[in-house]
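Numbering (this note's numbering), first residue to last: 4 to 171.
Structure, rendered in structure tokens:
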């Protein structure tokens with residue numbers, strides 16, 4: 004099944020069900036809704052009990068991440084910003100309102116977000132390199148450009164244009 008680094012017992016059980024589904028159905032591309040229906044119909048998946056505290060924190064986090072507001076310049080901004088702090092072996096997530104947060108909190112939030120983007124780019128390239136070296140079709144996928152400056156600049160361009168040609 005490959006490396007199980009960082010995989011919990013529950014994750015291992017889910018991976019097992021995923022692989023059983025693929026093996027029994029013969030599909031290569033999988034819709035997780037189909038796996039859920041297959042596993043629950045056979046009684047092979049029962050939702051694990053979750054503490055009310057864990058459920059509350061998960062649901063609260065989703066709610067906080069979903070809330071946005073318009074700033075005075077009419078930009079849509081996430082209202083609540085999380086920062087992950089280590090407390091011994093545990094991680095603690097601290098939330099602050101982006102409108103009133105101390106600059107240090109916003110800076111750490113941005114640093115952690117940037118690190119997440121960099122990690123995603125690294126994983127993206129590893130998948131591409133592995134596919135190029137090992138795919139059954141001999142295909143060579145292009146190397147993607149991870150410089151997002153043009154994308155960020157383009158996001159600031161106007162999206163509404165007048166119907167008439169501007170007069171010069």
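Note that the Cβ used here is the ideal one computed from N, Cα and C, for glycine as well. The structure displayed is predicted, hence computed values, not measured ones.
- Unbroken alpha helix (DSSP H) stretches of 4 residues or longer found wholly inside the stretch 48-127: 55-69, given in chain order.
- The C-alpha of residue 34 lies about 20 Å from the C-alpha of residue 13.
- Burial check for residue 19: the Cβ neighbour count within 10 Å stays below 16, so the residue is exposed.
- The beta carbons of residue 64 and residue 80 sit no closer together than 8 Å.
- Straight-line measurement puts the Cα of residue 98 at about 6 Å from the Cα of residue 84.
- When secondary structure is reduced to three states using DSSP, residue 171 falls in the coil class, being assigned neither helix nor strand.
- Taking the C-beta atoms as reference points, residue 57 is found no nearer than 8 Å to residue 48.
- Boundaries of the alpha helix (DSSP H) harbouring residue 14: 12-28, taken from the DSSP string.
- In this model, residue 113 and residue 96 are separated by some 14 Å (Cα to Cα).
- Within the same chain, and ignoring the five residues on either side of residue 21 in sequence, the residues whose Cβ sits closer than 8 Å to its Cβ are 33 and 38.
- Contact between residue 155 and residue 115 is absent: CB atoms are separated by about 18 Å, not below the 8 Å threshold.
- In the structure shown, residue 158 adopts coil according to DSSP, grouped into three states.
- Remark: C-beta atoms of residue 146 and residue 134 do not approach each other more closely than 8 Å.
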